[in-house]
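Participant:
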Amino acid sequence: MRPQSQGNKQRVVPRLEEKLEVLDCLQDGMSICAVAHKFGRNESSIVAASTPTTAKVPRYVQDEAMGKAHEALNLWLEDMTLQRIPIDALLIYPACCGLQ
7 MRPQSQGNKQ
17 RVVPRLEEKL
27 EVLDCLQDGM
37 SICAVAHKFG
47 RNESSIVAAS
57 TPTTAKVPRY
67 VQDEAMGKAH
77 EALNLWLEDM
87 TLQRIPIDAL
97 LIYPACCGLQ
């Protein structure tokens with residue numbers, strides 16, 4: 007059992023003005039750590055406030071052959087997972103070399 011604390015910490019929701027100030031500071035070149043210290047927040051809160059909700063992870067493929075090799079490796083890994091075959095680096099490396 008956890009001991010009961012005297013008072014639960016209230017969740018502090020930043021105001022829109024504060025979020026805009028955070029974005030302005032980041033745009034002016036302040037580091038995330040400096041902005042977090044200035045506003046008395048955790049760094050993760052600053053990162054969450056500054057990341058757009060529609061952000062996607064970019065996928066960089068250098069050439070068409072590399073893209074095809076990447077797709078083939080993903081397909082091979084999916085097949086190995088469906089067959090419940092354990093996968094480790096010693097198994098993946100020869101498969102990668104064989105794709106090129």
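Just add 6 to the spot in the sequence shown (first one is 1) and you have the working numbering.
Even glycine gets a Cβ: it sits at the ideal position worked out from N, Cα and C.
Quick check on the DSSP output: what are the complete alpha helix (DSSP H) runs of length 4 or more inside the region 20-63, in order along the chain?
Facilitator: Runs found: 22-33, 38-45, 49-56.
Participant: Please report the straight-line C-alpha distance between P92 and R17, rounded to a whole angstrom.
Facilitator: Within the sequence shown, residue 92 is the residue found at index 86, counting from 1. Within the sequence shown, residue 17 is the residue found at index 11, counting from 1. C-alpha separation (whole angstroms): 43 angstroms.
Participant: Given a threshold of 16 other Cβ atoms within 10 Å of its Cβ, counted over all protein chains shown, does V41 qualify as buried or as exposed?
Facilitator: Counting from one through the sequence shown, the residue named residue 41 turns up at place 35. So V41 counts as buried.
Participant: Would V19 be called buried (16 or more neighbouring beta carbons within 10 Å of its own) or exposed?
Facilitator: Numbered from its first residue, the sequence shown carries residue 19 at position 13. When all chains shown are included, V19 counts as exposed.
Participant: What do you reckon, are the CB atoms on A55 and K15 nearer than 7 angstroms?
Facilitator: In the sequence shown, counting from the first residue as 1, residue 55 sits at position 49. In the sequence shown, counting from the first residue as 1, residue 15 sits at position 9. No, they are not a contact pair.
Participant: Once DSSP output is grouped into helix, strand and coil, what is the label at K15?
Facilitator: If you number the sequence shown from 1, residue 15 lands on position 9. K15 falls in the coil class under three-state DSSP.
Participant: In the DSSP assignment, find the unbroken alpha helix (DSSP H) run with D85 in it and report its ends.
Facilitator: Sequence index remark: in the sequence shown, residue 85 carries index 79 (1-based). Where D85 is concerned, the enclosing alpha helix (DSSP H) stretches over 70-88.
Participant: Report the residue from S37, H76, K44 whose alpha carbon sits nearest the alpha carbon of Y99.
Facilitator: In the sequence shown, counting from the first residue as 1, residue 99 sits at position 93. Among S37, H76, K44, the Cα nearest to that of Y99 belongs to H76.
Participant: May I ask you to report which of helix, strand or coil DSSP gives I98?
Facilitator: The sequence position of residue 98 within the sequence shown is 92, counting from 1. DSSP places I98 in helix when its eight states are reduced to three.
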